[in-house]
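Here is the structure we will look at, set down as structure tokens.
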Amino acid sequence: MELWFTEKQTPNLGLALRLEKTLRREKTAYQDLAVVETFQYGRMLTLDGAVQTTEKDEFVYHEMITHVPLLAHPEPKRVLVVGGGDGGTIREILKHPSVEQAELAEIDERVIAAAREFLPTISQSLSDPRTRIVVGDGIEHVRKAQAQYDVIIVDSTDPVGPAVGLFAPEFYQLVHRALKEDGLFVAQTESPFLNADLIRGVFAGISAVFPRTRLYLAAVPTYPSGLWSFTVGSKVHDPAVPGRNMPAGFTSRYYTPELHRSAFVLPRFVAELLA
Ligand code: AG3
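So this note's numbering is basically just the index in the sequence shown, starting at one, shifted up by 1100.
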């Protein structure tokens, strides 16, 4: 018998992956969580039926959401991740030796537990001594902070359910206040093919608060449409420029300094939707 998982990305579009087996399926306090073994992309984490990460393509998203803001900053020391309970973003952050503390504010501890148990290559750095895990509401966590972080990364699910507030203009005000005077932040902002209105709204919201707001793209095969966007708000540093060399011994599979710059070069239809 063949077992297939389909994410219905829109009412008229789906991504189907053939499954070898299901490793975990549970209803957490916040969402429906599954970890499955796929034939094509290795192990995969889904939340409420939406693909969050797979072993084979996670590097694209995690490298791009991390190294663009971190290399645009001259010396990131304190970094906060909102969401991101699988740990992939934390793993990338800790490749930067200047980082003293990488904090994770994840609302659903079951995501962390599932990643620790079934996705060790992604979650490995959750046990690093520089990692601080706070289980709780990311918005409340950011609200309590003032001029504390060099970089804030919003590694959230889609703007439905627990993540809705992370796409709201009020949240960007809190993020601005939580950042140091030359801080910057990035949020995952969905697909320009399928979420144009969201991207436009988020871009306007971030622009209202941050003097430098830019959008960049990366190709993530398992996310809806495969073309994914990230939006950066920066107080001082130009997000499109890697402001320093990559640290000694730095390894990546998608990110390069040339790609950093080129990710901000937008296809015309994307540039137009921001105009
Ligand atoms: N967060 C972004 C997932 C969005 C994917 N959307 C979808 N499949 N409909 C990923 C978390 C990885 N750390």
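Note that CB positions come from ideal geometry on N, CA and C, so glycine has one too.
For F1105, the enclosing beta strand (DSSP E) has its first and last residue at L1103 to T1110. Between H1276 and V1332, the alpha-carbon positions lie close to 12 Å from each other. Contact between the stretch 1185-1194 and the stretch 1203-1214 is established, with three or more Cβ pairs separated by less than 8 Å. Between P1339 and the set H1360, Q1140, F1303 and R1191, the nearest pair of CA atoms involves H1360. Taking 7 Å as the cut-off, the C-beta of S1256 counts as close to a heavy atom of the ligand AG3.
In this structure, V1168 lies away from L1204, with their beta-carbon atoms at least 8 Å apart.
In this structure, T1331 has its CB at a distance of at least 7 Å from all heavy atoms of the ligand AG3. In terms of side-chain proximity, the C-beta atom of P1259 is found no nearer than 7 Å to any non-hydrogen atom of the ligand AG3. Per DSSP, D1250 is one residue of the beta strand (DSSP E) stretching across Y1249 to D1255. Between V1179 and V1251, the C-beta spacing is below 8 Å.
Partner residues in the beta bridge of T1122, as assigned by DSSP, are V1136. Annotation for P1174 indicates a beta carbon at 7 Å or more from all heavy atoms of the ligand AG3. Remark: the C-beta of E1217 is outside contact range of the ligand AG3, defined as less than 7 Å to any heavy atom.
Of the candidates L1113, K1127, Y1130 and A1134, A1134 places its Cα closest to the Cα of L1119. Set against 7 Å, the gap from the CB of T1106 to the closest heavy atom of the ligand AG3 is not smaller. Relative to G1326, the option among Y1130, E1158 and L1170 whose CA is nearest is E1158. Take P1269, set aside five residues on each side of it, and the residues of its chain with a beta-carbon closer than 7 Å to its own are G1305 and A1308, in chain order.
Assignment of T1231 by DSSP, reduced to helix, strand and coil, places it in the strand class. A1247 and E1281 have their C-alpha atoms roughly 7 Å apart.
For V1370, the uninterrupted alpha helix (DSSP H) segment begins and ends at R1368 to L1374. Collapsing the DSSP output to three states places M1346 in coil. At least 8 Å separates the beta-carbon of Q1152 from that of L1117.
In this structure, the C-beta of Q1109 approaches the ligand AG3 to less than 7 Å from one of its heavy atoms. In the structure shown, A1319 adopts extended strand secondary structure according to DSSP, grouped into three states. In the structure shown, A1172 adopts helical secondary structure according to DSSP, grouped into three states.
The Cβ atoms of P1347 and H1173 do not sit closer than 8 Å to each other. Under the three-state reduction of DSSP, V1336 is assigned to coil, being neither helix nor strand.
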